[in-house]
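First comes the structure, then the notes that go with it.
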Amino acid sequence: MYTGKQSIIKRRNGRNLQMTRHRQQKSAARKPDKQERKRLHADFELRIAAERTAQLEAVNQKLRDEIAARTQIETALQVSETRYRRLFETAQDGILILDADTGQITDVNPFLSDMLGYAPEEFVGKRLWEIGPFKDIEASRTAYAELQRTGYIRYEHLPLENRAGRRVDVEFVSNVYLVNQRPVIQCNIRDITERKRMENVRAFLAQCGMAPDEDFFQSLARYLAENLRMDYVCIDRLEGDLLTAQTVAIYFDGQFEDNAAYSLHDTPCGDVVSQTVCCFPEKVRQLFPRDVALQEMQAESYVGVTLWDHTGRPIGLIAVIGRQPLANPQQAETLLQFVAGRAAGELERIQAGAELRRATEAADEANRAKSDFLAHMSHELRTPLTGILGYAQILKRDTGLTEAQRAGLDIIERSGNHLLTLITEILDLAKIEARTVELHLTEVILPEFLQEITAMIQVPARQKGITFHCEPAPELPAIIIADAQRLRQVLLNLLNNAVKFTDQGRVTLRVKVKGERQKVQEEERQPEITLHPSPLTFCLSFEVEDTGPGIAAEHIENIFTPFRQVGNARHRGEGAGLGLAISQQLARLMGGVISVTSVPGQGSLFRLTLRLAAGMRASTPQCAVRTIPIGFKGTCKLLIVDDRAENRSVLHDMLRPLGFEIQEAATGQAGIARALTWRPTVILMDVMMPDMNGLDAVTRIREMNTGNSPVIIAVSADVSADTRRNSIEAGCDDFLPKPVQLDDALNILRTHLALDWIYAEKPVHPGMPVAAPPPIIPPPRSLAAELLHFAEIGDVLAIRTQCNELLHQHSYLYPFAAELKRLAQGIQMKEIRTFLAAYTSERLP
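As structure tokens, this is what we get:
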């Protein structure tokens, strides 16, 4: 038996022996024999050969790929070169290629060669400044040096001259780039001759844009002749039949000729009308042998273009003719077509202007005919009213009339005044429609103005048994700047309507300031003689309220329509329906508006709103009683000249009771003779008379009178502004409208006659105080100095003429002009000079 230690050693040795045997067996299994070694060697050599073959194949493939790529690149380069050469050869811009180092030209394209007129071989091998077109450009060397330094240069406009001597405008751009690692310069030269020509044409047309019609066409004709180097240019307007033309400009051999009409038959211009453009570069005389003008001027070439209006209708043409064949037909056609649009527009504008003038003249003629008709009708209607109203006034002065007689006279006078109002309204409406109404601004004393309105309305209101109240607000300005006549007309129309439609109750006029006062802007002031306005304006509201029947809402919009009336049949029969229409138009003319609110069965309220400037007079004149003149002290000769006996009779019976010594004449010639032999102090001259009218008679009297000139008052039923102005220009001192009102006649006589008047004690309107005559407002110093100069040289006629203008055009100077005219009537030269000297002092404002 083994011990434990021996047992362990024995087991370990056994394992080692097994492991040794296993390694020996395994080693013996791996060790090849000789044949195996040969086989292994052969396999190794095959693997090496395969690897080398694969490497050679990869190299060969790479070579094949490189060859294919190079072939592709060469093909692309060839295509690119072909494309470049094609573009180079066919480019519509000139191209030069230069060697950047030597500056020599290496290539030039055909377009540049043709444009400048030099063969390609004349470019190649030379430097830029050695070529004909560039020889005279001193900056060529400098530009080349700059190009070498910066690599880029550009000329937006470079004028050249080709071999034939024709100017060529070009745009020149050069840049440097590398070709085969060598710097190359490419110059692109673009022909902008046509563009510059069109720019010049545009500039010319713009310059002629403000020229008068005739100057435009003459300038255009000369411009075309000079730019196209043609001998003859005509611009025509076609007549309606398109067979004849009227020239508007002719330019021939450097000068303009008179315009004329001619037939288009057998002329090249006849061919143009049916086409847009017509060109005969040569032998035009042979093509149109019957055109005498072409034969006489030895014409060789012709270009024409039609002018069309905006609807496509031919309205004119432009023709250019030369004695030489046309060198560049395309250029001529392009230029003519370019200017044709502008010329057509100008010609169409002229024709439209002519048509507008003809239409305006026709309208003016129609308006004149209407005005003449209305004036004639006014004269014919006012003339009999002179007898009706005149004798009604005369007879009412008889204190022995019964109540029935006085009532009958009231009816006559009221009916006559009603007819007179209708006539006046129709004339006013005609003036408004013709836009011939003008405002005459004056300083209006508002309290006096309202008292006058009140006095005029109280009478018809009292007759109807209704009450009338005027309620002015306390903050109203004392003086306003307004057209007193038109403002009075509008207010009286509103008030009379209110009285007419109110059968019981009251009518109220309220005047108040609406809103806040505002400062007047400088541009709102009157540009001529100042009316002393304050720097404030007021928005005034004139309200006319009644307790009448009211107006239905659906009828309110019709009340301002001419010849339209609303209300019951009884009231519609009173008037023509013009009053409110005229009032609204006048309100708008004055810068205001009339509005209306109404409640049927309760009444209506009409509101006139105006913005008016305030006057700046120091104080309002105190009220006094205006009295009626019943005579005068001394004697005064008065001559009445009128072809109608009834008119003379009315004036005679009106004025004879005052103490005038009166004579009459039935014709202008008789009036002249009586004026020279009898020497009256004042003449009442009818304007419209047969044989010799009154204004001609006045002119003869002024020319023939050697002594004291009489005061001449024009009397006419034609109350138009033209008749008034013509009367003053003929030498009349004032104008008295028919039918003559006694108050108007007395006011004019008091103004112009230096008589010691005798007045009645009772006022014009019992119980109604009115303002006394306003004080004299100083005129501008320049006006006073001019009048003083007339006085110093003794020109009394000039003073009287100036006074008449002031009396009728500037009412605020009425007191000044009336006083000066009174002194001039008596030829009181010393008093005149003293009077005027006071208003030329530097101390005056």
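Residue 44 is where the sequence shown starts when you use the numbering used here, and the numbers rise one by one after that.
Yeah, the Cβ is synthetic: ideal placement off N, Cα and C, and Gly gets one too.
{"Query": "Straight-line gap, residue 210 to residue 218 (C-alpha atoms, nearest Å)", "Result": "25 Å"}
{"Query": "CB contact below 8 Å: residue 846 versus chain D", "Result": "Absence of chain D from the displayed structure is noted, only one protein chain being present."}
{"Query": "Entirely enclosed alpha helix (DSSP H) segments - the segment 639-720, minimum 4 residues", "Result": "688-698"}
{"Query": "Beta-carbon proximity check, residue 343 vs residue 373, cutoff 8 Å", "Result": "no"}
{"Query": "Distance between residue 582 and residue 561 (C-alpha atoms, nearest Å)", "Result": "The predicted position of residue 561 is uncertain, since its pLDDT is 49 and thus under 50; a value taken from the coordinates is nonetheless stated next. Spanning the two alpha carbons is a distance of roughly 9 Å."}
{"Query": "Cutoff 7 Å; reference residue 811; Cβ partners in own chain excluding five residues on either side", "Result": "Its pLDDT being 37, under 50, residue 811 is placed unreliably by the model, and the measurement read from it follows with that caveat. Hits under 7 Å: 494 and 498."}
{"Query": "Where residue 645 falls, given that 16 or more other Cβ within 10 Å makes a residue buried", "Result": "exposed"}
{"Query": "Length of the line joining the Cα atoms of residue 704 and residue 679", "Result": "6 Å"}
{"Query": "Endpoints, beta strand (DSSP E) assigned at residue 920", "Result": "One cannot answer for residue 920 here, as it falls past the ends of the chain, which runs 44 to 888."}
{"Query": "Spatial neighbours of residue 154 in its chain, beta-carbon cut-off 7 Å, leaving aside the 5 residues before and after", "Result": "134, 135, 136 and 137"}
{"Query": "8 Å CB neighbourhood of residue 686 in its chain, flanking five on each side removed", "Result": "709, 710, 729, 732 and 733"}
{"Query": "Residue 459 versus residue 652: straight-line alpha-carbon distance, rounded", "Result": "32 Å"}
{"Query": "Reduced DSSP category for residue 734 - H, G, I as helix; E, B as strand; rest coil", "Result": "coil"}
{"Query": "Contacts around residue 808, its chain only, beta-carbon distance under 6 Å, and the 5 residues preceding and following it disregarded", "Result": "For residue 808, the predicted model reports a pLDDT of 39, less than 50, meaning its position is unreliable; a value from the coordinates is still stated below. If we look at residue 808 and ignore the five residues flanking it on each side, its Cβ neighbours are 498."}
{"Query": "Same chain only: Cβ atoms within 7 Å of residue 662, ignoring 5 sequence neighbours per side", "Result": "Legend: pLDDT at residue 662 = 40, less than 50; position of this residue unreliable, value from coordinates given subsequently. Here the set comprises nothing."}
{"Query": "DSSP state of residue 878 mapped onto helix, strand, coil", "Result": "helix"}
{"Query": "The segment 310-325 in contact with the segment 338-358 per 3-pair CB rule at 8 Å", "Result": "yes"}
{"Query": "Exposed unless 16 or more other CB atoms sit within 10 angstroms - verdict on residue 571", "Result": "Its pLDDT being 38, under 50, residue 571 is placed unreliably by the model, and the measurement read from it follows with that caveat. The residue in question, residue 571, is exposed, as its Cβ has fewer than 16 Cβ neighbours within 10 Å."}
{"Query": "Which of helix, strand or coil DSSP assigns to residue 282", "Result": "coil"}
{"Query": "Proximity winner among 284, 272 and 301, relative to residue 278 (alpha-carbon distances)", "Result": "301"}
{"Query": "Residue 781, buried or exposed, once every other Cβ within 10 Å from all chains shown has been counted against 16", "Result": "buried"}
{"Query": "Cβ pair residue 309, residue 334 closer than 8 Å", "Result": "yes"}
{"Query": "Residue 435 beta carbon less than 8 Å from that of residue 452", "Result": "yes"}
{"Query": "For residue 131 and residue 112, the rounded distance between their alpha carbons", "Result": "27 Å"}
{"Query": "Residue 591 burial status per 10 Å Cβ neighbour count (16 or more: buried)", "Result": "buried"}
{"Query": "Pick from 330, 836 and 362 that is closest to residue 320, judged by C-alpha positions", "Result": "362"}
{"Query": "Contact check, residue 641 vs residue 650, beta carbons under 8 Å", "Result": "no"}
{"Query": "Cβ contact (3+ pairs, closer than 8 Å) linking the segment 264-282 and the segment 228-235", "Result": "no"}
{"Query": "Minimum C-alpha distance to residue 241 - residue among 450, 527, 379 and 754", "Result": "379"}
{"Query": "Residue 676 versus residue 527: straight-line alpha-carbon distance, rounded", "Result": "34 Å"}
{"Query": "Residue 231 - partner residues in DSSP beta bridges", "Result": "138 and 216"}
{"Query": "Which residues DSSP lists as bridging residue 294, in chain order", "Result": "276 and 299"}
{"Query": "Residue 350 beta carbon less than 8 Å from that of residue 375", "Result": "no"}
{"Query": "Of the residues 695, 867, 846 and 446, the one placed nearest residue 783, counting alpha carbons only", "Result": "695"}
{"Query": "Inter-residue spacing [alpha-carbon to alpha-carbon] between residue 172 and residue 275", "Result": "41 Å"}
{"Query": "Contact under 8 Å by Cβ, residue 167 with residue 381", "Result": "no"}
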